[in-house]
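Some notes on the structure that comes next.
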Amino acid sequence: MAGQVYAARVMLPRKQVRGLIDAGLALARELSLPPLSVVVLDAGGHAVVAEREDGCSPLRFPVAWGKANAALGMGISSGTIGERNAERPAFLASVAAAADGRFIPVAGGVLILDDDDCVMGAVGVSGASSEQDQQVAMHGIASQQWKAGLAPD
Numbered sequence: 164m165a166g167q168v169y170a171a172r173v174m175l176p177r178k179q180v181r182g183l184i185d186a187g188l189a190l191a192r193e194l195s196l197p198p199l200s201v202v203v204l205d206a207g208g209h210a211v212v213a214e215r216e217d218g219c220s221p222l223r224f225p226v227a228w229g230k231a232n233a234a235l236g237m238g239i240s241s242g243t244i245g246e247r248n249a250e251r252p253a254f255l256a257s258v259a260a261a262a263d264g265r266f267i268p269v270a271g272g273v274l275i276l277d278d279d280d281c282v283m284g285a286v287g288v289s290g291a292s293s294e295q296d297q298q299v300a301m302h303g304i305a306s307q308q309w310k311a312g313l314a315p316d
């Protein structure tokens with residue numbers, strides 16, 4: 164059909180991603196964490212939804228994006244990347260350069276997996292401790308009945 168525009172398959176529906184962020188931020192408020200930024204990327208690295216809580220400092224957003232992008236780009240959680248490569252700073256710096264700086268290898272970036280353990284996207288959280296950021300991301304993912312991909316065994 165002339166002029167037909169085809170829709171792309173949506174793996175991370177915006178409504179569910181909104182629910183993921185809302186659940187994660189609700190946990191953050193229960194735990195009295197500092198204001199957070201949350202970024203959810205699809206499998207192609209495009210933002211689905213991003214949010215910065217009131218009072219969150221300005222660099223938290225790019226850090227959250229960098230955590231999600233690191234997890235997505237390497238296929239494991241951002242914290243695992245940092246842990247596995249702690250003795251390889253040149254490697255981490257090279258990957259950060261290849262990612263135009265959007266590569267933060269500390270905990271808080273978690274993959275979103277489907278039932279077949281295929282990557283659907285990633286969540287990045289920044290604003291609290293890295294471990295708390297990761298906890299918020301994992302809680303949000305679980306709230307939507309998706310699986311969190313931390314590190315393959």
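Per our numbering, the sequence shown starts with residue 164, numbered consecutively.
Using N, Cα and C, we set each Cβ at its ideal position, and we do this for glycine too.
Notebook entry, point to check: What's the C-alpha gap between residue 212 and residue 240?
Noted result: 19 Å
Check: Rounded to a whole number of angstroms, what is the C-alpha to C-alpha distance between residue 255 and residue 165?
Finding: 48 Å
Margin query: For the segment 256-263 against the segment 177-196, do three or more pairs of beta-carbon atoms, one drawn from each stretch, fall closer than 8 Å, so that the two count as touching?
Written below: no
Checklist line | CA nearest to the CA of residue 275, picked from 265, 307, 261 and 246 | finding: 307
Check: Distance, Cα to Cα, residue 266 vs residue 200?
Finding: 16 Å
Next item on the list: Locate the alpha helix (DSSP H) running through residue 180, then write down its first and last residues.
Entry: 177-193
Note to self: Assess contact between the segment 288-306 and the segment 219-230, defined as three or more Cβ pairs (one per stretch) separated by less than 8 Å. Is contact present?
What the structure shows: yes
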